[in-house]
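Heads up: the sequence shown begins at 66 in my numbering, then just goes up one per residue. Backbone N, C-alpha and C fix where the C-beta goes; we use that ideal spot for every residue, glycine too. Worksheet for the structure shown next.
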Amino acid sequence: MPREEGRKLIAQNKKARHDYSILDTYEVGLVLTGTEVKSLRAGRASLVDGFATVDDGEVWLQHVHIPEYAEGTWTNHAPRRKRKVLMHRAEIDKLIGKTKEGGLTLVPLDLYFKDGKVKATLALAKGKKSYDKRQDLAERDSRREIQRAFGRYVKGRR
């Protein structure tokens, strides 16, 4: 059987970029059971309520929903269990210092297969206030309107 190559997206947390300002991102591995991987291969997962914590020098991904595998037996996994995150020790030590500062949190941005292995993108993020969110939306709308006006201008000149 040929080895799987490339990157295949499983799930994204689109709301995270709206609710948080992203300071830094990390590509991490996850410790999963067989039924979790099979469920992910079916493309089923939700990162909506997910976050990561640093406990006793280890990073844990919590509240990420991977539904039970449909063909699984009594050995099936719990859908919202804590999952260990695989990172380099230096990165974990850096995260411990930054998350202890306060106001910063670890949020999963996406879950994907990379060369057959399940990976996640964790973001070190700071929560946005509601006025920051409104300002970002207004900025995006104005940028979109400028692009439209420019497109109309270019088409009118042809």
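6 Å CB neighbourhood of residue i in its chain, flanking five on each side removed
i, result
"residue 115", "128, 129 and 173"
"residue 110", "75, 76, 131 and 176"
"residue 81", "172 and 174"
"residue 165", "none"
"residue 205", "none"
"residue 216", "none"
Other residues of its chain near residue i: CB distance less than 8 Å, five sequence neighbours each side excluded
i, result
"residue 105", "75, 97, 131, 176, 178 and 183"
"residue 201", "83 and 193"
Within 7 Å, strictly: CB atoms of residue i and residue j
i, j, result
"residue 169", "residue 150", "no"
"residue 70", "residue 180", "yes"
"residue 95", "residue 185", "yes"
Same chain, Cβ closer than 7 Å to residue i, neighbours up to 5 away in sequence not counted
i, result
"residue 86", "190, 191 and 193"
"residue 122", "157"
"residue 163", "169 and 189"
"residue 152", "91, 93 and 124"
"residue 73", "177 and 178"
Per DSSP, cross-strand counterpart(s) of residue i
i, result
"residue 182", "179"
"residue 120", "123"
"residue 170", "190"
"residue 246", "Because residue 246 is not part of the residues shown, which for the chain are 66 to 223, the question remains open."
"residue 92", "186"
"residue 85", "192"
"residue 72", "179"
Near the ligand MG: residue i beta-carbon under 6 Å from a heavy atom
i, result
"residue 120", "Ligands displayed in this structure: none; no statement on the ligand MG is therefore possible."
Buried versus exposed call for residue i [16 or more other C-beta atoms within 10 Å across all chains shown]
i, result
"residue 117", "buried"
"residue 119", "buried"
"residue 88", "exposed"
"residue 113", "exposed"
"residue 134", "buried"
"residue 148", "buried"
"residue 219", "exposed"
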